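>
Listed below in structure tokens is the structure:
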């Protein structure tokens with residue numbers, strides 16, 4: 410009898426051992442897979458697909474040293490850096506409590522972003538849903554494709570929701586670049602003011618530190634009185650000129666385009682490609698300055714204006730603080746101590 414009891418105890422111990430070593434291990438492996446949202450080696454990523462429930466989607470593909478969205482535009486550097494960082498650093502904070510799981514899953518089913526991440530060979534690396542944030546906005550609900558458990562995720566050291574980092578709007582994620590010319594790539598630059606032809610100018614690059622300058626009336630400046638330092642510094646600005654954002658769906662776009670532009674900035678590269686920016690005044694609005702320094706009511710926004718770029722295919726907002734650096738006058742490029750022409 411005592412011997413049978415010993416055998417029974419041995420059997421129970423072995424059974425429990427098998428359970429913990431096999432069953433629990435299997436369960437743990439499943440949970441680990443369900444929690445493995447992060448990608449350690451983000452350099453292996455070749456393509457990212459993100460879609461929301463409103464019908465917007467983007468396909469981001471790696472192309473040499475940049476990323477392309479929907480096979481059309483370069484991606485904004487700040488957005489892709491934030492996204493890649495998120496894919497690498499996202500961690501599970503805790504599983505959704507059983508009592509809240511039904512509500513969370515229901516909300517996730519009706520409001521989510523589908524994320525698929527592929528390697529450079531086109532093999533699927535991760536596929537999961539990104540939901541909204543927790544009530545305290547310190548976590549984000551995520552569900553791995555095929556998983557049974559939903560988790561609250563976060564990035565260590567960051568407080569806030571993560572769903573906004575998964576951008577699905579092509580117009581938001583595309584690069585805001587207007588000009589990206591190195592000085593040795595430029596053949597000519599011109600700025601034409603509608604009501605100031607004598608302030609308008611054209612700079613022609615003849616060679617290294619060799620330029621020709623004329624105003625809007627065709628009057629050429631003597632090469633001896635050109636301020637080469639200013640000319641070079643000005644042309645270097647064209648290496649990085651951006652817009653604030655795209656406004657292609659603005660209701661008043663057509664009305665604005667029918668007004669007279671106040672200036673046109675054109676840059677031609679040595680390959681013969683022309684980049685033109687046509688600038689329009691932005692009517693004063695609730696966010697713009699209301700009065701000038703003399704107390705007169707302003708008709709237009711002095712800090713921002715609209716512009717047509719890419720051959721008229723895009724309508725954007727540009728900031729005077731940034732883009733306005735290009736809006737110099739003819740005399741600006743002349744040596745101060747000498748006559749103009």
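Residue numbers (this note's numbering): 410 to 750. Cβ atoms here follow ideal geometry from the backbone N, Cα and C, with glycine treated the same way. Here the structure is a predicted model, which is why all the values come from computation and not from measurement.
#1: Quick check: what's the CA-CA separation for residue 710 versus residue 744?
#2: Would the C-beta of residue 544 count as close to the ligand ZN, meaning under 7 Å from any of its heavy atoms?
#3: Do you know offhand how far residue 429's Cα is from residue 493's?
#4: Who are the near neighbours of residue 734 in its chain, counting only those whose CB is closer than 6 Å to its CB and skipping five residues on each side?
#5: Ignoring anything shorter than 4 residues or poking outside the stretch 608-658, list the alpha helix (DSSP H) runs there in chain order.
#6: By DSSP, does residue 485 sit in helix, in strand, or in coil?
#7: Kindly indicate which three-state DSSP category residue 722 falls into: helix, strand or coil?
#8: Compare the Cα-Cα distances from residue 523 to each of 504, 513, 554, 543 and report the closest residue.
#9: Distance check for residue 693 and residue 637, CA to CA, integer angstroms please.
#10: Around the Cβ of residue 574, are there at least 16 other Cβ atoms within 10 angstroms (buried) or fewer (exposed)?
#11: Please report the straight-line C-alpha distance between residue 458 and residue 446, rounded to a whole angstrom.
#12: Starting from residue 580, trace the alpha helix (DSSP H) in both directions and tell me its first and last residue.
#13: With DSSP as the reference, label residue 438 as helix, strand or coil.
#14: Relative to the C-alpha of residue 603, which candidate in 626, 657, 593 has its C-alpha closest?
#15: Between 726, 677, 657, which lies nearest to residue 807 when the distance is taken from Cα to Cα?
#16: Can you give the Cα-Cα distance for residue 619 and residue 632, rounded to whole angstroms?
#17: Can the beta-carbon of residue 564 be found closer than 8 Å to that of residue 454?
#18: If contacts are defined as beta-carbon pairs under 8 Å, then residue 521 and residue 538 qualify, I think. What distance do you get, rounded to the angstrom?
#19: I need the straight-line Cα distance from residue 720 to residue 634, nearest angstrom please.
#20: How big is the Cα-Cα spacing for residue 589 and residue 666?
#21: Within 10 angstroms of its Cβ, does residue 684 collect 16 or more other Cβ (buried), or is it exposed?
#22: Is the Cβ-Cβ distance between residue 686 and residue 587 less than 8 Å?
#23: Just reading off the alpha helix (DSSP H) that residue 730 is part of, what are its end residues?
#24: Between residue 742 and residue 609, which are expected to be in contact by the criterion C-beta below 8 Å, what is the C-beta distance as a whole number of angstroms?
#25: Taking C-alpha atoms, which residue in 519, 596, 475, 441 lies nearest to residue 682?
#26: Quick check: the Cα distance between residue 438 and residue 556, rounded to an integer number of angstroms?
#27: How would you write the range of the alpha helix (DSSP H) that residue 513 sits in, first residue to last?
#28: Since residue 511 and residue 448 should fall inside the 8 Å C-beta cutoff, what is the C-beta to C-beta distance between them, to a whole number of angstroms?
Here's the rundown:
#1: On the chain shown, position 301 is the one that residue 710 refers to. On the chain shown, position 335 is the one that residue 744 refers to. If you take the alpha carbons of residue 710 and residue 744, they lie about 33 Å apart.
#2: You won't find the ligand ZN in this model; it holds no ligand whatsoever.
#3: Counted from its first residue, the chain shown places residue 429 at position 20. Counted from its first residue, the chain shown places residue 493 at position 84. Confidence at residue 429 is low in this model, with a pLDDT of 40, below 50, so the placement of that residue should be treated as unreliable; the coordinate-derived value is given next. One C-alpha to the other measures close to 37 Å.
#4: Numbered from its first residue, the chain shown carries residue 734 at position 325. Shown here for residue 734: same chain residues with a beta carbon closer than 6 Å to its own, the five before and five after excluded, namely 646 in chain order.
#5: Here the runs fully enclosed are 637-645.
#6: Stepping through the chain shown from its first residue, residue 485 is reached at position 76. Residue state, collapsed to three classes: coil.
#7: Position 313 of the chain shown, counting from 1, holds the residue named residue 722. Under the three-state reduction of DSSP output, residue 722 falls in the coil class, being neither helix nor strand.
#8: The residue you call residue 523 lines up with position 114 of the chain shown. Selected option, being the one with the closest Cα: 554.
#9: As a working note, residue 637 is residue 228 in the chain shown. As a working note, residue 693 is residue 284 in the chain shown. When rounded, the separation of the alpha-carbon atoms in residue 637 and residue 693 is 38 Å.
#10: In the chain shown, counting from the first residue as 1, residue 574 sits at position 165. With 16 or more other Cβ atoms within 10 Å, it is buried.
#11: Against the chain shown, residue 458 aligns to sequence position 49. Against the chain shown, residue 446 aligns to sequence position 37. Between residue 458 and residue 446, the C-alpha separation is close to 15 Å.
#12: Position 171 of the chain shown, counted from the first residue, corresponds to residue 580. Residue range 579-582 is occupied by the alpha helix (DSSP H) that includes residue 580.
#13: Reading the chain shown from its first residue, position 29 is the one you call residue 438. Summary for residue 438: the model assigns pLDDT 46, below 50, so the residue's position carries little reliability; its value from the coordinates is reported in the next sentence. Correct three-state label for residue 438: helix.
#14: For the purposes of this step, residue 603 is taken as the residue at position 194 of the chain shown. Per the Cα distances, 626.
#15: Outside the shown range of the chain (410 to 750) lies residue 807, about which nothing can therefore be said.
#16: As a position in the chain shown, residue 619 is number 210, starting the count at 1. As a position in the chain shown, residue 632 is number 223, starting the count at 1. Residue 619 and residue 632 have their C-alpha atoms some 9 Å from each other.
#17: What you label residue 564 is simply residue 155 of the chain shown in a count that begins at 1. What you label residue 454 is simply residue 45 of the chain shown in a count that begins at 1. No, the pair does not count as a contact, with Cβ atoms beyond the cut-off.
#18: Your numbering for residue 521 matches position 112 in the chain shown. Your numbering for residue 538 matches position 129 in the chain shown. That belief holds up - the Cβ atoms of residue 521 and residue 538 are roughly 4 Å apart, short of 8 Å.
#19: As a position in the chain shown, residue 720 is number 311, starting the count at 1. As a position in the chain shown, residue 634 is number 225, starting the count at 1. So the alpha carbons of these two residues sit roughly 35 Å apart.
#20: The sequence position of residue 589 within the chain shown is 180, counting from 1. The sequence position of residue 666 within the chain shown is 257, counting from 1. If I take the Cα positions, the gap works out to 25 Å.
#21: Position 275 of the chain shown, counted from the start, is the residue given in the question as residue 684. The residue is buried, with at least 16 neighbouring Cβ atoms inside 10 Å.
#22: Numbered from its first residue, the chain shown carries residue 686 at position 277. Numbered from its first residue, the chain shown carries residue 587 at position 178. A Cβ-Cβ contact shorter than 8 Å links residue 686 with residue 587.
#23: As a working note, residue 730 is residue 321 in the chain shown. Counting along the chain, the unbroken alpha helix (DSSP H) around residue 730 starts and ends at 729-732.
#24: The residue given as residue 742 occupies position 333 in the chain shown. The residue given as residue 609 occupies position 200 in the chain shown. Rounded, the Cβ-Cβ distance is 12 Å, inconsistent with contact.
#25: Numbered from 1 along the chain shown, position 273 holds the residue referred to as residue 682. Of the residues 519, 596, 475, 441, the one whose Cα lies closest to the Cα of residue 682 is 596.
#26: If you number the chain shown from 1, residue 438 lands on position 29. If you number the chain shown from 1, residue 556 lands on position 147. The predicted model places residue 438 with a pLDDT of 46, which falls under 50 and marks its position as unreliable, so this point remains unresolved.
#27: Working through the chain shown from its first residue, we reach residue 513 at position 104. Looking at the DSSP string, the run of the alpha helix (DSSP H) that includes residue 513 is 507-519.
#28: In the chain shown, counting from the first residue as 1, residue 511 sits at position 102. In the chain shown, counting from the first residue as 1, residue 448 sits at position 39. Taking a contact as a CB-CB distance under 8 Å, the pair residue 511 and residue 448 does not count as one, their CB atoms being some 30 Å apart.
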